[in-house]
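One structure is given here, and the rest of the page talks about it.
2 protein chains.
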Amino acid sequence: MPRIHTLRLPLSNLSLFSSQSQKPRLNNNYRTMMNYTKAASSQAFKNKKLLFRQLFEKDSSTYTYLLADVAHPDKPALLIDPVDKTVDRDLSLVKELGLKLIYAINTHVHADHVTGTGLIKTKVPSVKSIISKASKSKADLLIEAGDKIHFGDLFLEVRATPGHTLGCVTYVTGDGSDQPQPRMAFTGDALLIRGCGRTDFQGGSAHQLYQSVHSQIFSLPKETLIYPAHDYRGFTVSTVGEETQYNPRLTKDEEMFKSIMENLNLPYPKMIDIAVPSNMVCGLQDLSVKPVDASSN
Amino acid sequence: MPRIHTLRLPLSNLSLFSSQSQKPRLNNNYRTMMNYTKAASSQAFKNKKLLFRQLFEKDSSTYTYLLADVAHPDKPALLIDPVDKTVDRDLSLVKELGLKLIYAINTHVHADHVTGTGLIKTKVPSVKSIISKASKSKADLLIEAGDKIHFGDLFLEVRATPGHTLGCVTYVTGDGSDQPQPRMAFTGDALLIRGCGRTDFQGGSAHQLYQSVHSQIFSLPKETLIYPAHDYRGFTVSTVGEETQYNPRLTKDEEMFKSIMENLNLPYPKMIDIAVPSNMVCGLQDLSVKPVDASSN
Chain A
1 MPRIHTLRLP LSNLSLFSSQ SQKPRLNNNY RTMMNYTKAA SSQAFKNKKL LFRQLFEKDS
61 STYTYLLADV AHPDKPALLI DPVDKTVDRD LSLVKELGLK LIYAINTHVH ADHVTGTGLI
121 KTKVPSVKSI ISKASKSKAD LLIEAGDKIH FGDLFLEVRA TPGHTLGCVT YVTGDGSDQP
181 QPRMAFTGDA LLIRGCGRTD FQGGSAHQLY QSVHSQIFSL PKETLIYPAH DYRGFTVSTV
241 GEETQYNPRL TKDEEMFKSI MENLNLPYPK MIDIAVPSNM VCGLQDLSVK PVDASSN
Chain B
1001 MPRIHTLRLP LSNLSLFSSQ SQKPRLNNNY RTMMNYTKAA SSQAFKNKKL LFRQLFEKDS
1061 STYTYLLADV AHPDKPALLI DPVDKTVDRD LSLVKELGLK LIYAINTHVH ADHVTGTGLI
1121 KTKVPSVKSI ISKASKSKAD LLIEAGDKIH FGDLFLEVRA TPGHTLGCVT YVTGDGSDQP
1181 QPRMAFTGDA LLIRGCGRTD FQGGSAHQLY QSVHSQIFSL PKETLIYPAH DYRGFTVSTV
1241 GEETQYNPRL TKDEEMFKSI MENLNLPYPK MIDIAVPSNM VCGLQDLSVK PVDASSN
């Protein structure tokens, strides 16, 4: 059983690992893509809490996700996998929507683009960066399987999904009648739409990726929405049901999967030598504080 | 008052303009991004009918939208603004999701890419193409303001939004408790996220565009989701509330708007001489039948 940490940081005075228990407040058994400022006063939007936006960075085909609890008075928000180039766009949107950005989160140490988390922290110092402990990277909060990341009355659950890198995690919206339904899984590069991340760099392992996806993602309800870190063909979303049926790699048995992954013959990642060292320290190479463990990977 | 046409084509035997009245069947006062095959049997998905997918074509930054009524036994579906290059992707997805594609629809005669509607018809001959009568283009069905395009128990309402081109329309999901909430407006190039289409070609008019957006789109409920034909900065969706507050052009008065549009100094559209003649005939220039009115614009 994974150890359970609960990250519920007071919005006005951030501190780690408060033990305050989760108190469901509204019966919210459906999800919405949008829940606007005046939602709480509108019958049509009663109990709809999640504001969700998918954002795209074209050069690296990266998706950044903005999630916020707009039923909470502070409208606390988080960004998953922000990109350095699009930080200004993302922060403008956060401001326009009246949100309070509290977390900038990575699914893993990206090799194809520089994360925006460090840059965000220079512009909004109260934002806390989050990455997995297993990534051996520097961030304000290092999370592990079973941890929960709370924003208002909503939360993300952390699932360890190594294989593309050693430290890959998948963030899944909470289970429960007060959380968005269907659930949403932010899979990073572990599971892509009809594909998956490569396994030939950064401690990658086809065996490990196969086990991760099958045990941690395919075990979710079929209607769970899959939001990956990238798509190169213009898809924006998939579901567990679709990927278990149509993913051309992960529907195979493990031996076949490993054979596919060993024979991809992909070029050396063109950004890896810039992106990985930078992303080990939240995208800022010139941080004055030497990153913990950054030299060991 | 716009004349009301009702397009409710029997799925097995398509014919025009049946007068069958709309009969709300389910109390579906919320929307979902995804409603999977077994939805009807699941308590969590009861009454959720709309399957919705946003798809992106990177070269022209075009969004194609797939909508289907998955509570209907036939799972009837339509595509809005398909692109020729991505037709195989779109049709594969339709097939994998078990949908029956009945319409391929354009918001207008595009100048920046070739529509996929003609190509779709060569691959799935039962699909009917749709465009506005005002576009003076060739299609199976020519629609006007007030028409309704039914797919299963769901429908799109047609609103005339000229100004980018003479024949631009916006498709809005139906009003009513049995239709998706919030409503969704597919605005083509009339209204973009924090922008709008240019008005210096194809019968464009800044005056007309300003009037169109204010009277036909900004008059929708604030929570209405805006899904444009393009985005160049990585946004995927906006709302009427956001655009009435933050659109840098359309929040100005009309004189200022016209001045902005007259001074954009945009380059000549690089695809226009290929795309427009082709799109006047559903993207197929070599159709044996001479298109109606295609030579007049």
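Sequence lines, in order, name chains A and B.
So the first sequence is numbered by the working numbering: it starts at 1 and just counts up by one.
So the second sequence is numbered by the working numbering: it starts at 1001 and just counts up by one.
The beta carbon of each residue, even a glycine, is placed where N, CA and C say it ideally should be.
- Counting only Cβ-Cβ distances below 7 Å, Phe1235 (chain B) has contacts in chain A at Leu55, in chain order.
- By the neighbour-count definition (other C-beta atoms within 10 Å, threshold 16), Pro162 (chain A) is a buried residue.
- Against chain B, the CB of Lys58 (chain A) has a partner CB under 8 Å away; the residue lies at that interface.
- Fewer than three beta-carbon pairs drawn from the stretch 1077 to 1097 of chain B and the stretch 1239 to 1259 of chain B are found closer than 8 Å, and the two stretches are therefore not classed as touching.
- When C-alpha distances from Val158 (chain A) are compared across A:Lys138, A:His164, A:Ala134, the shortest belongs to A:Ala134.
- Asp140 (chain A) and Ile149 (chain A) do not touch by the CB rule: their CB atoms are close to 12 Å apart, not below 8 Å.
- Residue contact with chain B for Thr86 (chain A): present (Cβ-Cβ distance below 8 Å to some residue of chain B).
- Neighbours of Tyr1246 (chain B) in chain A, taken as residues whose beta carbon is under 7 Å from its own, are Glu96 in chain order.
- The three-state secondary structure of Phe1201 (chain B), taken from DSSP, is coil.
- Shown here for Thr1062 (chain B): same chain residues with a beta carbon closer than 7 Å to its own, the five before and five after excluded, namely Asp1081, Val1083, His1113, Ala1229, His1230 in chain order.
- In summary, the residues of the stretch 242 to 274 of chain A whose CB is separated from some CB of chain B by less than 9 Å are Glu242, Gln245, Tyr246, in the order they occur in the chain.
- Not a single C-beta of chain B is nearer than 8 Å to the C-beta of Arg159 (chain A).
- Gly1118 (chain B) has its alpha-carbon roughly 10 Å from the corresponding atom of Pro1125 (chain B).
- Per DSSP, the continuous alpha helix (DSSP H) segment holding His207 (chain A) begins and ends at 206 to 212.
- A distance of 8 Å or more separates the beta carbons of Leu51 (chain A) and Thr64 (chain A).
- For Arg1089 (chain B), the residues of chain A that pass the 9 Å Cβ criterion are Arg233, Gly234, Phe235, in the order they occur in the chain.
- Ranked by how close their Cα comes to the Cα of Ser219 (chain A), the residues A:Leu209, A:Phe201, A:Gly241, A:Arg198 have A:Gly241 in first place.
- Within 10 angstroms of the beta-carbon of Asp175 (chain A) lie fewer than 16 other beta-carbons, which makes it exposed.
- If you draw a straight line from the Cα of Cys282 (chain A) to the Cα of Thr239 (chain A), it comes to about 30 Å.
- Assigned with DSSP and collapsed to three states, Ala1077 (chain B) falls in strand.
- When the five nearest sequence neighbours on each side are left out, the beta carbons in the same chain lying within less than 7 Å of the beta carbon of Ala1077 (chain B) are those of Leu1066, Leu1067, Ala1068, Val1094, Leu1099, Lys1100, Leu1101, Ile1102, Phe1151, in order along the chain.
- Cβ atoms of His1214 (chain B) and Cys1168 (chain B) stay farther apart than 8 Å, at about 14 Å.
- Closest by C-alpha distance to Ile1105 (chain B), out of B:Gly1195, B:Lys1049, B:Thr1187, B:Glu1262, is B:Thr1187.
- For Pro228 (chain A), the enclosing beta strand (DSSP E) starts and ends at 225 to 228.
- Taking C-beta atoms under 8 Å as the contact rule, Leu1154 (chain B) and Gln1179 (chain B) qualify, at a distance of about 6 Å.
- A direct Cα-to-Cα measurement between Thr1244 (chain B) and Gln1211 (chain B) gives close to 14 Å.
- Counting along the chain, the unbroken beta strand (DSSP E) around Arg53 (chain A) starts and ends at 50 to 57.
- When rounded, the separation of the alpha-carbon atoms in Ile272 (chain A) and Ala111 (chain A) is 4 Å.
- For Ser129 (chain A), the enclosing beta strand (DSSP E) has its first and last residue at 128 to 132.
- For Glu144 (chain A), there is no enclosing alpha helix (DSSP H), as DSSP gives it neither H nor E.
- Cβ neighbours of Tyr1246 (chain B) within its own chain (closer than 7 Å, five residues either side excluded): Arg1194.
- Annotation for Asp273 (chain A): the continuous alpha helix (DSSP H) segment containing it runs 272 to 279.
- Taking the C-beta atoms as reference points, Ile1120 (chain B) is found nearer than 8 Å to Leu1091 (chain B).
- Of all alpha-carbon atoms in B:Val1237, B:Leu1284, B:His1164, B:Lys1138, the one lying nearest the alpha-carbon of Leu1225 (chain B) is that of B:Val1237.
- The Cβ neighbour count for Tyr1268 (chain B), taken over all protein chains shown within 10 Å, is under 16; the residue is labelled exposed.
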